[in-house]
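Some notes on the structure that comes next.
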Amino acid sequence: MAVTIRTGDMQLPDVLTALGHPVRLQIVRVLADDDEHRCGGIVDGISKSTLTHHWKVLRDAGVINQRPSGRENLLSLRRDDLDERFPGLLDSILATQE
């Protein structure tokens with residue numbers, strides 16, 4: 001299982017880098033509905049290995065959580081943690097991507 005970084009250890013350059021790719025922004029937009037999502041059902045038309053890379057970048061920056069559930073993994077956005085560490089950042093980014 002992936003280790004989740006603590007909220008206080010999140011670094012702004014890492015978060016901005018993680019959010020600086022169109023596929024990762026698309027993933028974050030899907031996860032922004034506050035539900036958990038199966039890894040396989042988030043973005044269509046992208047290979048599993050490419051998605052795995054993007055999830056890792058987001059996870060390592062502290063943007064998402066990934067947890068096992070049976071034979072699959074569930075992803076969720078760490079909205080509360082991001083808002084605590086960087087108030088307004090996520091809302092601003094999501095608003096500009098609409």
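Residue numbers (our numbering): 1 to 98. No residue lacks a Cβ here, since even glycine has one placed at the ideal position from N, Cα and C.
Which class does residue i belong to by DSSP, given the choice of helix, strand or coil?
i    : result
P87  : coil
I93  : helix
R149 : As displayed, the chain neither begins before 1 nor continues past 98, which places residue 149 out of reach and without an answer.
R67  : strand
For the alpha helix (DSSP H) containing residue i, name the first residue and the last one.
i   : result
L31 : 22–31
L16 : 12–18
From this set, the options, which residue's C-alpha is nearest residue i's C-alpha?
i   : options            : result
D14 : D60, D81, D34, V23 : D60
L16 : G62, D80, E84      : G62
Quick check: what's the CA-CA separation for residue i versus residue j?
i    : j   : result
D44  : R29 : 14 Å
N65  : T4  : 7 Å
R103 : P22 : Nothing can be reported for residue 103: it is not among the residues displayed for the chain, which extend from 1 to 98.
R79  : K48 : 25 Å
With respect to the beta strand (DSSP E) encompassing residue i, which residues constitute its N-terminal and C-terminal limits?
i   : result
S47 : Premise fails: S47 is in no beta strand (DSSP E) and is neither H nor E.
Check the DSSP bridge columns for residue i and list the partner residues they point to.
i   : result
R38 : L74
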